[in-house]
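Input: a single structure, listed below in structure tokens.
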Amino acid sequence: MTIHHHLNDDLLLDYAAGTLSEGWSLAVACHLAMCPQCRDQLALAEATGGALLEELAPVEGPADSWEALKTRLAAAPQDKAAPVARPASATIPEPLRSYLGGDLETIKWRNLGNAKQVLIKTGDPTTQARLLCIAAGKPVPEHSHGGRELTVVLKGSFHDEVDRFGPGDIEDADGSLTHQPVADEHEDCICLAITDAPLKFSSRLVRLVQPILGI
Amino acid sequence: MTHRTDAAAPPTETGAQIVAIAARADMAAFEALFKDFSPRVRAYLLKLTRDGQAAEDLMQETMLAIWRKAGQFDPERGQASAWIFTIARNIWIDAWRKQKRPAFDPDDPALVPPAEPDAPDLLEQKQSGAALHEALKTLPQEQVELIRLSFFDEDSHSTIAARTGLPIGTVKSRIRLAFGRLRAALEELK
Numbered sequence: 000m001t002i003h004h005h006l007n008d009d010l011l012l013d014y015a016a017g018t019l020s021e022g023w024s025l026a027v028a029c030h031l032a033m034c035p036q037c038r039d040q041l042a043l044a045e046a047t048g049g050a051l052l053e054e055l056a057p058v059e060g061p062a063d064s065w066e067a068l069k070t071r072l073a074a075a076p077q078d079k080a081a082p083v084a085r086p087a088s089a090t091i092p093e094p095l096r097s098y099l100g101g102d103l104e105t106i107k108w109r110n111l112g113n114a115k116q117v118l119i120k121t122g123d124p125t126t127q128a129r130l131l132c133i134a135a136g137k138p139v140p141e142h143s144h145g146g147r148e149l150t151v152v153l154k155g156s157f158h159d160e161v162d163r164f165g166p167g168d169i170e171d172a173d174g175s176l177t178h179q180p181v182a183d184e185h186e187d188c189i190c191l192a193i194t195d196a197p198l199k200f201s202s203r204l205v206r207l208v209q210p211i212l213g214i
Numbered sequence: 000m001t002h003r004t005d006a007a008a009p010p011t012e013t014g015a016q017i018v019a020i021a022a023r024a025d026m027a028a029f030e031a032l033f034k035d036f037s038p039r040v041r042a043y044l045l046k047l048t049r050d051g052q053a054a055e056d057l058m059q060e061t062m063l064a065i066w067r068k069a070g071q072f073d074p075e076r077g078q079a080s081a082w083i084f085t086i087a088r089n090i091w092i093d094a095w096r097k098q099k100r101p102a103f104d105p106d107d108p109a110l111v112p113p114a115e116p117d118a119p120d121l122l123e124q125k126q127s128g129a130a131l132h133e134a135l136k137t138l139p140q141e142q143v144e145l146i147r148l149s150f151f152d153e154d155s156h157s158t159i160a161a162r163t164g165l166p167i168g169t170v171k172s173r174i175r176l177a178f179g180r181l182r183a184a185l186e187e188l189k
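Protein sequence lines, in the order shown, are assigned to chains A and B.
Counting in numbering that gives the first Met the number 0, the first sequence runs from 0 upward without gaps.
Counting in numbering that gives the first Met the number 0, the second sequence runs from 0 upward without gaps.
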């Protein structure tokens, strides 16, 4: 897999610092699962966090801080390496698979014409996460973004006014982009999309049915 | 109780201490690690929460997690300080911000492995604690400050924007620039 569209440093640093909210972090984590290069960059950002932590001026705490901790250790057994049950193979990477409650074949899609989708519940009220499946060779309605949209391709590929996006690629679109993603011919394109505002569709008809379809 | 204040001499034995904690619940190693790191973990959490009691509580949770999870630390895979940083960060997100932080699973069958499994050597070298401290020293002070704020301020972009009167977009591009400089400085040190 050759990834052409990587995490930018904004996303990388915010994710490493822990300031990126859950919805955006879900997209970042999915890209990381598919991109060894960005995992190295994350390791670098976290090593930077560690180095800066070491350089912080120490802040002394209460005199009994160590004693207080020591008494708690007795009741805190060390974690034993418990084997985690994992499937032998999977299409959708973690952490998304757990959010969906299963892999691709268990998904209950909702039809949207050229595309189908499933809304993903997160604890982040500032974003909406959805899994989209765009039919091979078909476009989704042209739209712009009231805010930001992060899209991670999981399977297949699409192209829009910006470029072509294949498996693992992440597109970071802001309010200034109007695009019409079209799935490439060879297969359906499955992607994770995170938004922080409703999409603005160019077509009046689509805008009309938008609330009904929950898009 | 004395504390290191020389930033250029981070405790290199921390990795060995964590390994000893995992291997034999080594209380002496844990106490030494506590003395080295707890004042800095407390400082980090104080910056994020601006609440002394919360910083103390979250520091205690962090140290407890280091004790419990010591077996998960792999000295081959990274710096001890980076590992401690991520534990403190995750506890802050979980216990203070009450949010989830989705993360990939390194053992997931759907995870795409690196093309060359040997590449981490180079990375490890680049990320050695000493090299990072060196690289940070070569950066202009305001760039280090921007990187520091992006790690130690809960809402770094808007804070910096408010303080400097710059638009958030400009602040973001400056942080990107600063991190790019750090990356370039590490390349040069190789």
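Note that CB positions come from ideal geometry on N, CA and C, so glycine has one too.
As the structure is a computational prediction, the values presented were derived from the model and not from experiment.
If I'm right that residue i touches residue j with Cβ under 8 Å, what's the distance once you round it to whole angstroms?
| i | j | result |
| --- | --- | --- |
| Pro101/B | Leu153/A | Not confirmed; about 15 Å, so no contact. |
| His178/A | Ala135/A | Incorrect: roughly 19 Å between the Cβ atoms, too far for contact. |
| Cys34/A | Gly122/A | Going by Cβ atoms, the distance from Cys34/A to Gly122/A rounds to 25 Å, so no, they are not a contact pair. |
| Leu188/B | Ala130/B | 5 Å |
| Ala177/B | Leu145/B | 5 Å |
Step through the CB atoms of chain B and report whether any lies within less than 8 Å of the CB of residue i.
| i | result |
| --- | --- |
| Ser156/A | no |
| Glu148/A | no |
| Gln77/A | yes |
Can you find a C-beta in chain A that's less than 8 Å from the C-beta of residue i?
| i | result |
| --- | --- |
| Pro108/B | yes |
| Phe103/B | yes |
| Ile191/B | Residue numbering for chain B in the displayed model covers 0 to 189; residue 191/B lies beyond these limits and cannot be assessed. |
| Leu138/B | no |
| Ala19/B | no |
| Thr1/B | Model confidence at Thr1/B stands at a pLDDT of 40, short of 50, so the residue's coordinates are unreliable; what they give is reported in the following sentence. Not closer than 8 Å to any Cβ of chain A, the Cβ of Thr1/B fails to qualify, so no. |
| Pro166/B | no |
| Phe84/B | yes |
| Pro74/B | no |
| Val111/B | yes |
Using only alpha-carbon positions, find the residue among the options that is nearest to residue i.
| i | options | result |
| --- | --- | --- |
| Thr105/A | Ala114/A, Thr90/A and Leu111/A | Thr90/A |
| Asp102/A | Arg109/A, Pro92/A and Leu111/A | Pro92/A |
| Cys29/A | Val208/A, Asp159/A and Thr150/A | Thr150/A |
| Val139/A | Phe200/A, Arg129/A and Gly146/A | Phe200/A |
| Ile291/A | Ile189/A, Asp173/A, Gly165/A and Ser202/A | No answer is possible for residue 291/A: the residues shown for chain A start at 0 and end at 214. |
| Lys79/A | Leu110/B, Leu185/B, Ala69/B and Glu60/B | Ala69/B |
| Val18/B | Glu187/B, Ile92/B and Trp66/B | Trp66/B |
| Gln127/A | Pro82/A, Ala73/A and Ala192/A | Ala192/A |
| Trp108/A | Ser97/A, Leu95/A and Leu131/A | Leu131/A |
| Val117/A | His5/A, Ala87/A, Ser202/A and Cys190/A | Cys190/A |
| Glu54/A | Ser80/B, Leu165/B and Met58/B | Ser80/B |
| Thr13/B | Asp35/B, Lys97/B, Asp25/B and Ala22/B | Asp35/B |
| Leu41/A | Pro166/B, Leu148/B and Arg182/B | Arg182/B |
| Gln209/A | His142/A, Ser88/A and Asp173/A | His142/A |
| Thr18/A | Glu30/B, Asp154/B and Glu60/B | Asp154/B |
For residue i, which of helix, strand or coil comes out of DSSP?
| i | result |
| --- | --- |
| Val139/A | coil |
| Ile20/B | helix |
| Cys34/A | coil |
| Arg96/B | coil |
| Lys125/B | Residue confidence for Lys125/B is low, a pLDDT of 48 falling below 50, so the modelled location carries little weight and cannot support an answer. |
| Lys115/A | strand |
| Thr177/A | strand |
| Gln127/A | strand |
| Asn110/A | strand |
| Glu30/B | helix |
| Asp5/B | Note on Asp5/B: pLDDT 44, under 50, position unreliable in the model; the coordinate value appears next. Asp5/B: coil per DSSP, three-state reduction. |
| Glu53/A | helix |
| Val161/A | coil |
| Ile174/B | helix |
| His156/B | helix |
Do we get a CB-CB distance below 8 Å when we pair residue i with the residues of chain E?
| i | result |
| --- | --- |
| Ile159/B | The structure shown contains no chain E; the protein chains it does contain are A and B. |
At least three beta-carbon pairs within less than 8 Å, the segment 68-87 of chain B to the segment 38-56 of chain A: yes
Three CB pairs or more closer than 8 Å across the segment 158-172 of chain B and the segment 104-111 of chain B: no
Sufficient close CB pairs (3 or more, under 8 Å) joining the segment 62-75 of chain A to the segment 11-22 of chain A: no
Meets three-Cβ-pair contact criterion under 8 Å: the segment 41-56 of chain B and the segment 86-99 of chain B: yes
Touching by the beta-carbon criterion (3+ pairs, under 8 Å), the segment 58-66 of chain A and the segment 129-142 of chain B: no
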